[in-house]
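Structure, as structure tokens:
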Amino acid sequence: MTKRIRSKIEKEVDAELEAKTKDELLADFDESQALHVPAKKSESKLISIRLPMSMIEQLRNVAIKKGDVGYQQMIKIFIADGLTREARNDMRMTG
Numbered sequence: 000m001t002k003r004i005r006s007k008i009e010k011e012v013d014a015e016l017e018a019k020t021k022d023e024l025l026a027d028f029d030e031s032q033a034l035h036v037p038a039k040k041s042e043s044k045l046i047s048i049r050l051p052m053s054m055i056e057q058l059r060n061v062a063i064k065k066g067d068v069g070y071q072q073m074i075k076i077f078i079a080d081g082l083t084r085e086a087r088n089d090m091r092m093t094g
């Protein structure tokens, strides 16, 4: 949300609050319901990895060719593909 929009919303809310009496505000509060927001479990962990600039450029080019995918998402896709391939190889060796 941009600062301009946020400022406009804040002004509208302030104006509405100023226009209401204490009793009206209390009535609104009494009619309100608690909002339950479940805790968000992070399934991701932030890591830092240094890659050669040439590799990043290649990733960006591949991501552009694929379409609606950023280069960081491409990294995740390549890692997932590699892990899947590795798991298949492990199953062949043990199975």
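Note that numbering that gives the first Met the number 0 gives residue 26 to position 27 of the sequence shown, counting from 1, and the numbers run on in steps of one. Just so it is clear, CB atoms sit at the ideal spot from N, CA and C, and this is done for glycine as well. These numbers were taken from a predicted model, which means no experiment stands behind them.
What separation, rounded to the nearest whole angstrom, lies between the Cα atoms of residue i and residue j?
{"i": "Ile8", "j": "Thr1", "result": "11 Å"}
{"i": "Leu58", "j": "Leu82", "result": "18 Å"}
{"i": "Gln32", "j": "Glu23", "result": "16 Å"}
{"i": "Leu19", "j": "Leu34", "result": "A small fix is needed here, since residue 19 is Lys in this sequence, not Leu. Straight-line Cα distance between these residues: approximately 23 Å."}
{"i": "Asp13", "j": "Ser6", "result": "10 Å"}
{"i": "Glu85", "j": "Glu11", "result": "57 Å"}
{"i": "Asp80", "j": "Val68", "result": "15 Å"}
Are the CB atoms of residue i and residue j nearer to each other than 8 Å?
{"i": "Tyr70", "j": "Ile48", "result": "no"}
{"i": "Ala62", "j": "Met73", "result": "yes"}
Would you mind working out which of the options sits nearest residue i, comparing C-alpha positions?
{"i": "Lys44", "options": "Ala14, Val36, Asn60 and Lys75", "result": "Lys75"}
{"i": "Phe28", "options": "Glu42, Ile78, Leu16 and Lys39", "result": "Leu16"}
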